[in-house]
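See structure below.
Protein chains: 2
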Amino acid sequence: MTKVSIIKVGGNVIENPKDLDNFLKDFASITGSKILVHGGGKKVSKWAERLGIPVEMKDGRRITNTETLELITGIYGGQVNKNIVASLQGYNCNAIGLSGADANAIQAVKRPIENTDFGWVGDITYVNTSFFKLLLNNALSPICCALTHDANGQILNTNADTIASSIAVALGKDFEVTLYYCFEQMGVMKSLKDQNSLIEHIDSQIYKKLKEEHIISEGMLPKMKNSFDALQNGVSKVHIGKPEMIKGTIKHTTITL
Amino acid sequence: MTKVSIIKVGGNVIENPKDLDNFLKDFASITGSKILVHGGGKKVSKWAERLGIPVEMKDGRRITNTETLELITGIYGGQVNKNIVASLQGYNCNAIGLSGADANAIQAVKRPIENTDFGWVGDITYVNTSFFKLLLNNALSPICCALTHDANGQILNTNADTIASSIAVALGKDFEVTLYYCFEQMGVMKSLKDQNSLIEHIDSQIYKKLKEEHIISEGMLPKMKNSFDALQNGVSKVHIGKPEMIKGTIKHTTITL
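Residue numbers (the working numbering), protein chains in the order written: chain R, 343 to 599; chain H, 343 to 599.
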């Protein structure tokens, strides 16, 4: 089975030009098929402030109103995505930037209004596996931003972690998929204050125990849930840690079923 | 020989949501292979003003400084491109948005400084024909914004008319290419003040005469030059007129060798 690495990189790396450049060099040097999924970091908040676009929050989460979506579409789909793609091309990686609308790569539905109307936020319903296969089979590396579409002309803001795991699951049927969640920490820590508390391996049993003991922090729970969902649906392995882990040279957390 | 329609659409259409929507419906209904090339219209100036980014002009032309390039990358590559792609998907056209960096679709060099440093402006050196063929052969419609790259990590602002003619010429070897330049006028006019002065057909001889008689306006000359360059390099036909001409229902200017 052909191997595919799917790497999600988050805000902190995107924001620091030097960190981003180092990461992109590492990404370019990965042999074999690879896919990058990125968010936009704090750029959106900065530009919203500069433009006087009000930031609506509810329960600590941003509401994607129409002006914010327009901004996000420019920043995620344009500024961040195209600069990443151009850099990777400079490092001899044949990257191709995508939103979910491009080639109908990722479809979503606007999140139903229950207690909160999150605005133009999408929950993924479909990943166009044959399109991703076409790109990978032609030695192209998809670079996906955190935008999907509803197949009716509407762009939707979609969580980048979920995009990464959805693509991973969709490709898991035809490829041996490894999913990497890169962020600012070494991996899953027993205590965020103790740099020596890294948990190097987590499986279902350990996960259950960690949850029972309330060792896993709030912020880490959605990532862990995404990881196990992916593993239960055909993804081979999940790695969580600093971006340098994709070179395989630093300690991080590996998750298996 | 397979037919390909390459359509360049300019500022006025992009700016008016209703005009753009009508145009996209028409574009979606074109049978066979098709490629769209778009600029960003006056959105860039509007956002530059809103953001307080100084607009540098020289000899009536915008200088693409670093801040302007960042803005253009967001607007052309993100906002405008992704919204066009999402709309087309809604009209059952399998569109895929591209900058020149994506899959190394279009390479350029930064314009050399002679009298004026135009900043981050690119002159096209290479069109990745095999990539465009891959997309067209898979029933995908490339939607190209006015951005190229230098293959060294730098994005460059590039004239959309030139992008359209460069792609047309590159594909002219393998396809029967028709190039459409859509803009706000009916076509090439003898007098801009007289709506009955449309010149419906121009060939090399007529062009020579029109130039000698100074009938072609300044603004039209680059479009005419691009058109004849394209025709001399393997493009079958060039049409100039209002966007509705792509349906074949309104009068416009047809250019042949």
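Built from N, CA and C at the ideal position, the CB exists for glycine as well.
In summary, the residues of the stretch 389 to 405 of chain H whose CB is separated from some CB of chain R by less than 7 Å are Arg392, Leu393, in the order they occur in the chain. Listed by position along chain H, the residues whose Cβ is nearer than 7 Å to that of Ser429 of chain R are Gly495. Around Gln421 of chain R, the beta-carbon contacts reaching into chain H at under 7 Å are Glu412, Thr415, Gly416, Gly420. Across the stretch 440 to 466 of chain H, CB contacts with chain R closer than 7 Å involve Ser441, Ala443, Asp444, Ala445, Asn446, in sequence order along the chain. In this structure, DSSP gives Asn499 of chain H an extended state, which the three-state scheme calls strand. The beta carbon of Met566 of chain H is closer than 7 Å to those of Tyr549, Ile558 in its chain, skipping five residues each way along the sequence.
Looking from the CA of Ile485 of chain H, the closest CA among H:Ser472, H:Ala506, H:Ile466 belongs to H:Ala506. From the beta-carbon of Ile438 of chain R, the residues of chain H found nearer than 7 Å are Asp444, Ala445. Using a 10 angstroms sphere on the CB of Leu521 of chain H, the tally of other CB atoms reaches 16 or more, which defines it as buried. For a Cβ distance threshold of 9 Å, nothing in chain H lies close to Lys553 of chain R: the least Cβ distance comes to about 38 Å. Cβ neighbours of Asp368 of chain H within its own chain (closer than 8 Å, five residues either side excluded): Pro585, Glu586, Ile588, Lys589. Per DSSP, the unbroken alpha helix (DSSP H) holding Tyr549 of chain H starts and ends at 546 to 554. With the rule of 3 Cβ pairs closer than 8 Å, the stretch 395 to 406 of chain R does not count as touching the stretch 397 to 406 of chain H. Close CB contacts of Ser375 of chain R within its chain, under the 6 Å cut and outside five residues either way in sequence, are with Val346, Leu478 (chain order). Counting every other CB atom within 10 Å of its CB across the protein chains shown gives Asp536 of chain H a total below 16, marking it as exposed. Excluding sequence positions up to five before and after Asn354 of chain H, its CB lies within less than 8 Å of the CB of Asp361, Gly383, Phe525, Glu526, all in the same chain and listed in chain order.
Remark: C-beta atoms of Ala512 of chain R and Thr471 of chain R approach each other more closely than 7 Å.
Using a Cβ distance threshold of 7 Å, Leu411 of chain H and Trp389 of chain H do not count as a contacting pair. Around the beta-carbon of Ser508 of chain H, 16 or more other beta-carbon atoms lie within 10 Å, marking it buried. Under the three-state reduction of DSSP, Ile582 of chain H is assigned to strand.
Nearest CB-CB separation between Leu521 of chain H and chain R: not below the 7 Å threshold.
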